[in-house]
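Asker: My questions all concern the structure below.
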Amino acid sequence: MNRVTLRPGLRSSKAVEIAITAATLLFLGAFLLLPLAIVFGEAFRQGVRVWMESIVNPEALSAIRMTLLVTAISVPLNIVFGIAAAWSLSKFRFRGRNLVITLIDLPFAVSPVISGLIFVLLFGAHGWLGPWLGEHNIRIIFAVPGIVLATLFVTFPYVARELIPLMTEQGTQEEQAALTLGASGWKTFWKVTIPNIKWGLIYGVILCNARAMGEFGAVSVVSGHIRGHTNTLPLQTEILYNEYHFTAAFAVASLLAMLALLTIVLKSVVEWKTKECRS
Amino acid sequence: MSITLQNITKSFDHFQAIKDISLTFKDGELTALLGPSGSGKTTLLRLVAGLELPDENPESRILFNDADVARKPASQRNVGFVFQHYALFRHMTVFENIAFGLRVMKRSQRPPKAEIRDRVNELLKLIQLGAMANRMPSQLSGGQRQRVALARALAIRPKVLLLDEPFGALDAKVRTELRRWLRELHDQLHITSIFVTHDQEEALEVADRIVVMNQGAIEQTGTPDEVFHHPASEFVLQFLGDVNVFHGRFNGSSSRFHRIDTDHPSRMLVRPHEIEVLLNPLGNPDAIPVQTHRVLTAGAVVKLEFIDSLHQSIQVHLSHADYTRTPVHPGMKVYLRPRSQYNPFVRSAANGYGH
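Protein chains in written order, with our numbering: chain A, 963 to 1241; chain B, 1391 to 1745.
This is how it looks when you write it as structure tokens:
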């Protein structure tokens, strides 16, 4: 950190500064950069061709398709839920509002495995709704709907959490102004509300997307690990690793790592954009 | 267009913000809704705009000319509304802000693009911000933002212009400039306008008529002269400027006021500029003996503070000319006398205003 930016009372000596910076960098290197390097190192250890083969393997491709499908369903739904929740919680004051805000955080507080178990208890063969679902031949657990539900649950807070403080701060005056100028509720929403929350929304979507693609615990419980059918990328990575297909496991993992890097880049761009908009 | 409110009540939960108000705003007039915070003035304005709906009551009506709009949403009332904190669209340029109301019109009513551009440019000229068309709201000063907000409201050619404490967030100098400008603008456009303010000076200076509000009800309606010189209640007198309260009693049928404590106490309320200072009480048996406490000569008037025998503070404003005739300094014993026998507001406790 630059000394000039410190407040006078916090001015430290050069030695302490170097020590703290070094410790931080060392920590970052050991726990973040080194694993990342190992993932890519292992993935490409036998060359790009082997990496490529691991990726186009039918089971891996199926896992990629599954991950994309689950993300393609859960992210848009979360955008809609997130905006609706943030809208109602920030533009209106009602009894129990704080309770609802706390509830939105629930998926953050609960272990993902528990989140998955909730759905097994609800929809599993021996769950509350299991017999009824069985009679009507509807499969939720160990099938795509279960994976989507579990993913929705763990990713729900990202968009809403990002938007609630933003929309609360912005208030309702601009919407009211739009209404007095003759705009319908629909036009006000698209021309005033959405542009105002645009960058916060994109930020939330990036985080939501990363979590949806990377979720392991909750999905692991409900998916049943049926190869070529209900495996997502993180699950596929685990299976390959457990079966000692290290190169293939790291190849699949490298896809997730690339996603993570892309997320960080996009996140930084959005943060920079947001700052620019505010100044 | 004239606006008539009939039997309008508005409650929030169990709090009545507006209590059965009936009121008419005449066509082309600039009316001030004046009152302290919590008096319901902003709620009344928002009811006219349609941003609030009145409590259900078969008797209640909001008439624009003769059409009842009480249940119509804001978007269909064609009113221009200016918010205290501007509420400009932060992601749009000044130009786009002003054009907004025209662009969201139904396709059948929307003017062609060239006409929108011309109208916005015309308004930019009117608010003297032609060079700022491509700026973002965050790049403007408070006064400039409020002018853009006004232009935006005027762009849809509203039948009525509503302003909610339009100058409340601005500093003193910009405020006086802008309110003079608003008055001139109104004289050009003659659009029926209502503005909310808690600043009595602003209301007196700008408005054709003033509606003084208190606790959700109307205390008085009248021209600035009427409410200032003939206040209908003690509240109006107190709210429209400083006032001194004298306790005493009236002497029988004459209007002579005696400052003696009696069984029938009365109160006399006199504004600081309606009191004269006497160096000696000769010929004025009713003059009040006081001690000079503070003298402030820096300003348009000389502000004096006196302490009477009951240890009450009395404020007096003198012109500099009068002050040179009766120069006083702190500690000096002098006498005070209300300038006219008929004080602007005199009520005895029996008449219902005393405490």
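Glycine is no exception: its CB is placed at the ideal position from the N, C-alpha and C atoms.
1. Can the beta-carbon of Leu1128 of chain A be found less than 8 Å from the beta-carbon of Ile1159 of chain A?
2. Assuming Arg1573 of chain B and Glu1592 of chain B are in contact, meaning their beta carbons sit under 8 Å apart, how far apart are those beta carbons, in whole angstroms?
3. Just by C-beta distance, which residues in the region 1142–1164 of chain A are closer than 9 Å to chain B?
4. Please go through the same chain and pick out, in chain order, the residues whose beta-carbon is closer than 7 Å to the beta-carbon of Leu1669 of chain B, but skip the five residues on each side of it.
5. Determine the contact status of Ala1489 of chain B and Thr1142 of chain A, defining contact as a CB-CB distance below 8 Å.
6. Taking only beta-carbon positions, decide if His1701 of chain B is within less than 8 Å of chain A.
7. Apart from the five residues just before and just after Glu1021 of chain A, which ones in its own chain have a Cβ nearer than 6 Å to its Cβ?
8. State yes or no: is the beta carbon of Ser1583 of chain B nearer than 8 Å to at least one beta carbon in chain A?
9. Any beta carbon of chain B sitting closer than 8 Å to that of Ala1048 of chain A?
10. Using DSSP with H/G/I as helix, E/B as strand and the rest coil, what is Glu1609 of chain B?
11. Name the residue from A:Ala1140, A:Val1042 and A:Pro1107 whose alpha carbon lies nearest to the alpha carbon of Ala1543 of chain B.
12. Thinking C-alpha only, which one of A:Phe1151, A:Ser1216 and A:Ala1112 is nearest Gly1086 of chain A?
13. Examine chain B for any beta-carbon lying closer than 8 Å to the beta-carbon of Ala1005 of chain A, and answer yes or no.
14. What residues from the region 1481–1501 of chain B come within 7 Å of chain A, judged by C-beta to C-beta, listed N to C?
15. When burial is assigned at 16 or more other CB atoms within 10 Å of the CB, is Val1121 of chain A buried or exposed?
16. Kindly list the residues whose CB is nearer than 8 Å to the CB of Ile1452 of chain B, restricted to its own chain and excluding five residues on each side of it in sequence; keep chain order.
17. List in chain order: all unbroken beta strand (DSSP E) runs of 3+ residues lying wholly within the region 1568–1617 of chain B.
18. If we count the other Cβ atoms within 10 Å of its Cβ and call it buried at 16 or more, is Trp1234 of chain A buried or exposed?
19. So is Val1469 of chain B in contact with chain A if we call contact Cβ pairs under 8 Å?
20. Thinking Ser1024 of chain A and Asn1204 of chain A are a contact (beta carbons under 8 Å), I'd like their distance in whole angstroms, please.
21. Considering only residues of the same chain and omitting the five flanking positions on each side of Ser1182 of chain A, which have a CB-CB separation below 7 Å?
22. Which of helix, strand or coil does DSSP assign to Pro1196 of chain A?
23. Against chain A, with Cβ distances strictly below 8 Å, would Arg1537 of chain B count as a contact?
24. Pro1038 of chain A by DSSP, collapsed to three states: which one?
25. What does the alpha-carbon distance come out to for the pair Gly1166 of chain A and Phe1054 of chain A?
26. Strictly below 9 Å CB to CB, what residues from chain A border Leu1551 of chain B?
27. Could you pull the start and end residues of the alpha helix (DSSP H) that Phe1002 of chain A belongs to?
28. So, at 7 Å on beta carbons, what are the nonlocal neighbours of Val1032 of chain A in its own chain, with the 5 sequence-adjacent residues on each side left out?
29. Are Gly1418 of chain B and His1580 of chain B close, meaning C-beta to C-beta below 8 Å?
30. Can the beta-carbon of Val1045 of chain A be found closer than 8 Å to that of Leu1169 of chain A?
31. Counting only Cβ pairs nearer than 7 Å, list the residues of chain A close to Ile1546 of chain B.
32. Starting from Pro1662 of chain B and walking both ways along the alpha helix (DSSP H), at which residues does that stretch end?
33. Report yes or no: is there a C-beta of chain A within less than 8 Å of the C-beta of Ala1460 of chain B?
34. So what does Ala1457 of chain B bridge to, in DSSP terms?
35. Taking Cβ to Cβ, would you say Arg1535 of chain B is nearer than 8 Å to Pro1527 of chain B?
36. Alpha carbon to alpha carbon, what distance is there between Thr1117 of chain A and Ser1050 of chain A?
Answerer: Taking the definition as stated:
1. Counting from one through the first sequence, the residue named residue 1128 of chain A turns up at place 166. Counting from one through the first sequence, the residue named residue 1159 of chain A turns up at place 197. Yes, they are a contact pair.
2. On the second sequence, residue 1573 of chain B is found 183 positions in, with the first residue counted as 1. On the second sequence, residue 1592 of chain B is found 202 positions in, with the first residue counted as 1. In fact, because the Cβ distance is near 10 Å, the residues do not count as touching under 8 Å.
3. Thr1142, Leu1143, Gly1144, Ala1145, Ser1146, Gly1147, Lys1149, Thr1150, Lys1153, Val1154, Pro1157, Asn1158 and Lys1160
4. Position 279 of the second sequence, counted from the first residue, corresponds to residue 1669 of chain B. Answer for Leu1669 of chain B: Thr1716 and Val1724, listed in chain order.
5. On the second sequence, position 99 is the one that residue 1489 of chain B refers to. On the first sequence, position 180 is the one that residue 1142 of chain A refers to. No, Cβ-Cβ distance for Ala1489 of chain B and Thr1142 of chain A is not below 8 Å.
6. Counting from one through the second sequence, the residue named residue 1701 of chain B turns up at place 311. Chain A contact via Cβ: absent.
7. Start at 1 with the first residue of the first sequence, and residue 1021 of chain A comes out as number 59. Closer than 6 Å at Cβ, skipping near neighbours: Arg1189 and Gly1190.
8. Residue numbering aside, residue 1583 of chain B sits at position 193 when the second sequence is read from its first letter. Not closer than 8 Å to any Cβ of chain A, the Cβ of Ser1583 of chain B fails to qualify, so no.
9. Residue mapping note: residue 1048 of chain A aligns to position 86 of the first sequence, counting from 1. False, the Cβ-Cβ gap to chain B never drops below 8 Å.
10. If you number the second sequence from 1, residue 1609 of chain B lands on position 219. Three-state result, Glu1609 of chain B: strand.
11. The residue given as residue 1543 of chain B occupies position 153 in the second sequence. Checked all of A:Ala1140, A:Val1042 and A:Pro1107; the closest Cα to Ala1543 of chain B is A:Ala1140.
12. Locating residue 1086 of chain A in the first sequence gives position 124, counting from the first residue. Measuring from the Cα of Gly1086 of chain A, the nearest candidate turns out to be A:Ala1112.
13. Against the first sequence, residue 1005 of chain A aligns to sequence position 43. Not an interface residue.
14. Look at the region 1481–1501 of chain B: the residues with a C-beta under 7 Å from a C-beta of chain A are His1481, Phe1490, Gly1491, Val1494 and Met1495.
15. The residue you call residue 1121 of chain A lines up with position 159 of the first sequence. Val1121 of chain A should be labelled buried.
16. Here residue 1452 of chain B corresponds to residue number 62 of the second sequence, with the count starting at 1. Ile1393, Thr1394, Leu1395, Gln1396, Ile1398, Leu1437, Val1438, Pro1444, Asp1458, Val1459 and Ala1460, listed in sequence order.
17. 1582–1587, 1599–1604 and 1607–1612
18. Taking the first sequence and counting its residues from 1, one reaches residue 1234 of chain A at position 272. So Trp1234 of chain A ends up on the exposed side.
19. Numbered from 1 along the second sequence, position 79 holds the residue referred to as residue 1469 of chain B. Closer than 8 Å: yes.
20. Numbered from 1 along the first sequence, position 62 holds the residue referred to as residue 1024 of chain A. Numbered from 1 along the first sequence, position 242 holds the residue referred to as residue 1204 of chain A. The C-beta separation of Ser1024 of chain A from Asn1204 of chain A comes to about 18 Å, leaving the pair out of contact by the 8 Å criterion.
21. The count along the first sequence starts at 1 and reaches residue 1182 of chain A at position 220. Excluding sequence neighbours, Ser1182 of chain A sits near Gly1078 and Leu1197.
22. As a first step, residue 1196 of chain A is located in the first sequence; it is residue number 234 there, counting from the start. DSSP places Pro1196 of chain A in helix when its eight states are reduced to three.
23. In the second sequence, counting from the first residue as 1, residue 1537 of chain B sits at position 147. Closer than 8 Å: no.
24. The residue labelled residue 1038 of chain A in the question sits at position 76 within the first sequence. Three-state DSSP puts Pro1038 of chain A in a helix.
25. Your numbering for residue 1166 of chain A matches position 204 in the first sequence. Your numbering for residue 1054 of chain A matches position 92 in the first sequence. Each residue's alpha carbon lies about 22 Å from the other.
26. The residue given as residue 1551 of chain B occupies position 161 in the second sequence. Under the 9 Å cutoff, chain A gives no residues; its nearest Cβ is about 11 Å from Leu1551 of chain B.
27. Residue numbering aside, residue 1002 of chain A sits at position 40 when the first sequence is read from its first letter. Start and end: Leu996 to Ala1005.
28. Against the first sequence, residue 1032 of chain A aligns to sequence position 70. Hits under 7 Å: Ile1109, Val1110, Thr1113, Ala1174 and Thr1194.
29. Within the second sequence, the letter at position 28 stands for residue 1418 of chain B. Within the second sequence, the letter at position 190 stands for residue 1580 of chain B. Yes.
30. Here residue 1045 of chain A is taken as the residue at index 83 of the first sequence, counted from 1. Here residue 1169 of chain A is taken as the residue at index 207 of the first sequence, counted from 1. Note that residue 1045 of chain A is Ile in the sequence shown here, rather than Val. Contact flag unset, no.
31. Numbered from 1 along the second sequence, position 156 holds the residue referred to as residue 1546 of chain B. Residues of chain A passing the Cβ test: Leu1143 and Gly1144.
32. Here the question's residue 1662 of chain B lines up with position 272 in the second sequence. Per DSSP, Pro1662 of chain B belongs to no alpha helix (DSSP H) and is neither H nor E.
33. Position 70 of the second sequence, counted from the first residue, corresponds to residue 1460 of chain B. By this cut-off, Ala1460 of chain B is not an interface position.
34. Residue 1457 of chain B sits at position 67 when you count from the first residue of the second sequence. In DSSP, Ala1457 of chain B forms a bridge with B:Phe1454.
35. In the second sequence, counting from the first residue as 1, residue 1535 of chain B sits at position 145. In the second sequence, counting from the first residue as 1, residue 1527 of chain B sits at position 137. Taking 8 Å as the Cβ cut-off, Arg1535 of chain B and Pro1527 of chain B qualify as a contacting pair.
36. The residue you call residue 1050 of chain A lines up with position 88 of the first sequence. The residue you call residue 1117 of chain A lines up with position 155 of the first sequence. Each residue's alpha carbon lies about 19 Å from the other.
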